[in-house]
Amino acid sequence: METPGPTSRDSVQSRRRWINLLLGSGVAASIISFIYPALRYIIPPPVAESASNFVVAAKVGELKNNNGKIFRFGSEPALLVHLADGSYRAFSAVCTHLSCTVQYRSDLREIWCACHNGLYNLEGRNVNGPPPRPLARYEVHIQGDDVVATRAA
Amino acid sequence: MTKSIIFVALLFLSLRAAVAAPPKDTCITCHAALGGDLAKPASQFEVDVHHQAGLSCADCHGGDPSDDSMNAMSHAKGFRGAPKKNQIPEFCARCHSDAAYMHRFNPQMRVDQLSEYLTSVHGKRLKQGDTKVAACVDCHGVHNILAVSDTRAPVYPTNVASTCARCHADPAYMKGFDIPTNQFALYEKSVHAQTLAGGDTSAPTCSTCHGNHGATPPGVSSVANVCGTCHVMNEQLFEKSPHQAAFAKMGLPGCVQCHSNHEIVRPTDAWVGTGPQSVCTTCHTPGDKGYGAAQAMLADLTHLDSSLTRAAEVLNVAERAGMEVSGPKVELAGAHEDLVKARVDVHTFDAAAVGKLTDSGVEIAAKSYQAGVAALRERDYRRKGLGLALIAIVLAIGGLYLKIRQMESGDSIGHRGDVERKAREV
Amino acid sequence: MATLYRKTLNWLDERFGAGSVEEFLRHKTVPVTRHILWYYLGGMTLFLFIIQVLTGILLLLYYRPTPNDAFESVQFIMTQVRFGWLIRSVHSWSANLMIFTAFLHMFSVYFLKAYRKPRELTWISGMLLFFIVLGFGFSGYLLPWNTLAFFATKVGTEMAGSVPGIGKWLLVFLRGGQEVTGATLTRFFGFHIAVLPGLATLLLAIHLFLVQKLGMSVPPSVERAVAEGRTSLRNMPFFPNFLLRDMIGWYAALGVLGGLAAIFPWELGTKADAFAAAPAGIRPEWYFLFMFQTLKYLPARILFLEGELAGILGISVAAVVWIMVPFLDRRIGFGRLTRVFSGLGVFVIGYIIVLSALALR
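Residue numbers (our numbering), protein chains in the order written: chain R, 4 to 156; chain H, 5 to 430; chain C, 86 to 446.
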């Protein structure tokens with residue numbers, strides 16, 4: 004038990020102050036380390052939303068008629084075809100045979116897989132060669148300047 | 005009254021029996037009763053596709069199936085008997101080359117099997133009197149013929165090779181013919197055989213390249229066309245390459261020269277270049293243009309391959325550390341595609357073309373690698389942040405602990421007194 | 086600082102009598118016995134629950150509860166949103182930690198017989214809160230819409246269908262249909278962020294009010310010792326002594342959560358595909374494992390009942406007995422009956438641990 008006296012009391016007081024300081028700064032620092040991430044979190048990131056079911060495949064005018072373009076849809080390649088009549092079609096570009104990436108052949112006006120000569124027509128149906136199933140088909144809409152491909156879940 | 009009922013009942017039953025009974029086929033009934041080898045055709049015929057189509061023994065062999073006596077098999081009744089080996093093709097072709105007749109059963113059925121067969125080695129030799137060669141029944145069966153689409157049929161794609169091998173892989177049987185007997189063994193090792201066994205019926209088997217009825221090995225100059233029906237890119241590039249003319253001049257078979265004909269295995273990058281497994285050094289020697297091109301192509305392929313591996317490794321490390329790297333992994337797949345395309349472009353034998361593709365792939369792989377490195381840096385940033393937060397927390401805990409001790413140790417006008425005081429109050 | 090406090094208190098007191106509440110709370114004490122460590126668990130569970138609410142609200146700013154977008158939105162949070170990885174991983178880890186501390190809190194109250202008169206209602210409200218917490222865990226688990234969650238939900242709701250009588254209705258109610266679909270996700274989301282929080286708030290209010298009103302329970306052994314004059318009861322004021330100690334625990338929990346989030350981030354998995362085959366070894370989360378494993382061990386028939394049905398009935402009966410313990414454990418603290426209940430508690434803990442371990446093998 005401390006004997007009350009001016010010097011011991013002062014040292015006790017200053018010890019109290021140090022402890023209060025330590026506690027205060029520790030709590031303050033910890034609060035900052037929680038508030039800071041939370042504040043940065045609520046500010047939206049540059050890409051404002053996750054877009055899994057639609058993607059801008061191309062700009063209008065970017066792709067000539069009777070031409071195709073490979074674009075990324077989610078985690079897989081996809082094919083946008085601009086037909087001679089001006090309409091657009093979009094398909095999964097993963098060949099249903101052995102998963103090579105298909106391409107549009109302007110000369111054949113069909114979709115062709117270079118790996119084993121598989122052919123799909125413009126509906127995506129497998130019409131020749133090894134592919135056993137049609138290509139998955141996506142919807143295409145024009146939104147302003149963008150050619151947008153969408154798919155269901 | 006009862007009498008009429010009985011009469012009607014008997015009439016009804018006999019009518020039923022008469023209607024239900026199939027038409028009399030004495031061929032089947034007699035042969036089945038004979039037992040042993042003579043009964044085999046009768047029992048086998050159950051599954052036969054001709055039987056399913058409503059045909060009977062007599063439709064091929066002639067005779068009268070309604071006749072109970074041995075007369076059923078008389079010349080008078082049109083009996084043709086069992087054909088001799090060299091008569092078999094015409095025997096089957098009596099119907100199978102008759103378009104009008106066949107199209108009653110299957111409008112799309114081909115009717116040129118006999119004419120094709122006569123162009124084949126088998127057909128030609130049979131005409132010369134060689135009875136060891138294959139005729140219709142050797143591949144299709146005799147009395148238990150199944151449709152080609154039936155998985156049990158000897159000519160279903162997955163069974164074709166073993167059907168051909170029954171003769172062609174039997175050295176004792178093939179004695180006297182001047183051809184090897186190891187094709188089946190070699191084919192089994194091939195990537196085509198493994199793909200086919202894996203369920204991909206688009207993979208080639210013997211008849212795909214040799215033809216089925218008009219079976220003839222493709223000639224030296226036409227091998228590339230055969231391979232090129234599926235491997236279009238490789239064939240087209242090869243045709244435009246300097247090797248096309250060179251091989252033709254030397255009488256070398258295009259694809260087969262490097263890839264073999266039956267033992268077509270998955271090629272490795274080491275086949276290019278000038279190492280021990282290289283196919284280029286079969287002809288090329290140090291100092292010639294081809295030798296240099298081979299070295300350059302191998303160097304590019306290896307460079308891209310190792311860039312891919314490096315990027316994949318760092319991404320895997322990042323992923324295991326809990327970082328989300330599915331985006332860069334997808335990008336890396338694009339580089340992998342470039343590698344596949346570069347390997348196809350080897351068939352141009354043009355180092356510059358191959359180099360262009362590998363350069364593009366290397367660029368993508370480098371980007372993915374950077375993404376992986378960035379992910380690892382983010383991981384370290386998080387751990388540093390964690391460290392700082394933990395320091396703050398330790399400070400706070402330390403401060404709390406000291407505060408508690410100070411309050412309760414009675415060194416001041418602290419709250420220690422409160423503890424005892426409040427206990428008394430309660 | 087102190088005068089500001091005084092001034093605020095007076096202001097509030099003049100308006101709704103805050104002063105008497107504060108006066109009452111200031112006298113709150115905690116008995117200081119060798120069992121004092123268990124007394125921190127209730128506050129710890131509450132603290133972790135508050136963490137869940139805060140991180141949950143933050144997640145709500147970016148999460149989308151439809152099958153098209155749910156997985157992608159969680160992926161978005163993990164990869165694009167700044168510190169999204171931290172908020173999401175803390176939420177997932179803290180959920181598990183909270184359920185763990187809830188188990189500990191419940192068992193410590195059980196063994197210290199704090200449920201005895203006059204605290205029966207506190208026990209019952211606590212048990213209801215416990216079931217709500219398990220409901221939070223089950224509903225929240227589906228929200229990322231990944232393969233594991235999808236199939237675990239399928240299996241879990243399938244078991245609900247085996248309940249006699251109401252089973253079929255219960256299954257359709259939970260799933261929002263016959264199968265687990267987007268309707269299930271919407272429904273679970275509604276449970277998770279509205280229904281269960283509402284119920285939890287109500288029950289928490291009751292639970293906390295009762296705890297303050299009735300004060301801290303003293304363990305029976307200590308009560309007896311004090312009554313027999315063998316010892317004197319020491320009490321610690323809640324404000325500030327016990328609270329400061331509480332805060333040490335809470336800071337430690339924050340440190341653990343941060344470490345787990347940074348070093349063992351919660352997995353994203355792969356997006357659920359209803360038409361794919363279930364991956365091998367689908368299991369529910371650890372807090373359901375013992376029930377899951379029990380049902381696996383039951384034979385196809387027990388007496389006249391179908392095995393799974395008997396299992397569910399058995400578990401339900403056990404739960405009811407557990408809830409009614411304050412009324413069944415007569416003469417608490419004395420005699421053989423009370424030791425039976427303590428033994429039962431030990432058996433339950435052992436059972437849960439052993440079966441969970443077997444399920445993990």
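Built from N, CA and C at the ideal position, the CB exists for glycine as well.
Legend entry - Contact check, Y372(C) vs L219(C), beta carbons under 8 Å: yes
Inset, instruction - Check the Cβ-Cβ distances between N120(R) and every residue of chain H, and say whether any is below 8 Å. - result: yes
Legend entry - Reference G67(H); option with closest CA among D52(H), M327(H), R84(H), P161(H): R84(H)
Inset, instruction - Go through its chain and collect everything with a Cβ distance to S165(C)'s Cβ below 6 Å, but skip five positions before and after it. - result: According to the sequence provided, residue 165(C) is Gln. The question's Ser does not apply to it. So the list is empty, once near-sequence residues are dropped.
Legend entry - Burial state of P184(H) (16 or more Cβ within 10 Å): exposed
Inset, instruction - Under 8 Å Cβ to Cβ from Q297(C), same chain only, skipping five residues before and after it: list those, please. - result: F109, L110, K113
Legend entry - Distance CB(V58(R))-CB(A152(R)) smaller than 8 Å: yes
Inset, instruction - For V143(R), name the three-state secondary structure that DSSP assigns. - result: strand
Inset, instruction - Using the Cα positions of P116(C) and A375(H), report the straight-line distance between them to the nearest angstrom. - result: When rounded, the distance between both Cα atoms is 57 Å.
Inset, instruction - Please report how far the alpha carbon of C168(H) lies from the alpha carbon of L308(H), in whole angstroms. - result: 42 Å
Legend entry - Chain-ordered neighbours of I45(R) on chain C, where CB pairs are closer than 8 Å: L143, L146
Legend entry - Contact set between the region 320 to 338 of chain H and chain R, restricted to residues whose Cβ is under 9 Å from the partner: Against chain R - using a Cβ distance shorter than 9 Å - the residues of the region 320 to 338 of chain H are S330, G331, K333, V334, E335, A337, G338.
Inset, instruction - Taking Q515(H) as the query, report the chain R residues whose CB atoms sit under 8 Å from its CB, ordered along the chain. - result: Residue 515(H) is absent from the model: chain H starts at 5 and stops at 430.
Inset, instruction - Would you decide whether K72(R) is buried or exposed? Buried here means 16 or more other CB atoms lie within 10 Å of its CB. - result: buried
Inset, instruction - Run down chain R in chain order and give the residues with a C-beta less than 7 Å from the C-beta of G169(C). - result: The answer, in chain order, is Y44.
Inset, instruction - Flag I437(C) as yes if its beta-carbon sits less than 8 Å from any beta-carbon of chain R, otherwise no. - result: Chain R contact via Cβ: absent.
Legend entry - DSSP bridge partner residues for G121(R) (one or two, in chain order): C116(R)
Inset, instruction - Note down, in chain order, each residue of its chain lying with its Cβ closer than 8 Å to the Cβ of G262(C), except the 5 sequence neighbours on either side. - result: In the same chain as G262(C), and ignoring 5 residues on each side of it, the C-beta atoms closer than 8 Å to its own belong to A268, T269, in chain order.
Legend entry - Residues bridged to M77(H) [DSSP beta-bridge criterion]: Note: M77(H) sits in no beta bridge, so no partner.
Legend entry - Sequence-distant residues of the same chain with beta carbon closer than 8 Å to R420(H), five excluded per side: Reliability of the predicted coordinates at R420(H) is poor, the pLDDT of 49 falling under 50, and no value is obtained from them.
Legend entry - Three-pair Cβ contact test at 8 Å for the region 318 to 337 of chain H versus the region 371 to 389 of chain H: yes
Inset, instruction - Would you verify that the beta carbon of D422(H) is, or is not, closer than 8 Å to some beta carbon of chain C? - result: Bear in mind that the predicted position of D422(H) carries a pLDDT of just 48, short of 50, making it unreliable; the figure below should be weighed with that in mind. For D422(H), the answer is yes, since a Cβ of chain C falls inside 8 Å of its Cβ.
Legend entry - Best match in A285(C), F273(C), S105(C) for proximity to F235(C) [C-alpha to C-alpha]: F273(C)
Inset, instruction - Taking only beta-carbon positions, decide if N231(C) is within less than 8 Å of chain R. - result: no
Inset, instruction - Grab the span of the beta strand (DSSP E) containing L256(C) for me, first residue to last. - result: It is not in any beta strand (DSSP E) - L256(C) instead sits in the alpha helix (DSSP H) that spans 252 to 260.
Legend entry - Sufficient close CB pairs (3 or more, under 8 Å) joining the region 263 to 280 of chain H to the region 246 to 254 of chain H: no
Legend entry - Run of the alpha helix (DSSP H) containing Q198(H), from where it starts to where it stops: Q198(H) -> alpha helix (DSSP H) spans 195 to 201.
Legend entry - chain R within 8 Å of K217(H), Cβ atoms only: The sequence shown places His at residue 217(H), rather than the Lys named in the question. Closer than 8 Å to the CB of H217(H) there is not a single CB belonging to chain R.
Inset, instruction - Mind listing the chain C neighbours of L394(H)? Cutoff is C-beta to C-beta under 8 Å, in chain order. - result: G340, G343, G344
Inset, instruction - Taking A375(H) as the query, report the chain C residues whose CB atoms sit under 8 Å from its CB, ordered along the chain. - result: Residues of chain C passing the Cβ test: none, with the nearest at roughly 11 Å.
Legend entry - Amino acids of chain C, ordered along the chain, whose beta-carbon sits closer than 7 Å to that of V50(R): Q165
Legend entry - 8 Å Cβ cutoff, R136(R) in contact with chain C: Taking 8 Å as the threshold, the shortest C-beta distance from R136(R) to chain C does not fall below it.
Inset, instruction - May I have a chain-ordered list of the alpha helix (DSSP H) segments no shorter than 4 residues that lie completely inside the region 242 to 271 of chain H? - result: 246 to 254, 260 to 263
Legend entry - Pairwise C-alpha distance: E79(R) and M106(H): 48 Å
Inset, instruction - Out of R98(H), A62(H), M5(H), Q91(H), state which residue places its alpha-carbon closest to the alpha-carbon of G82(H). - result: A62(H)
Inset, instruction - Would you please verify whether the beta carbon of L406(H) is less than 8 Å from any beta carbon of chain C? - result: no
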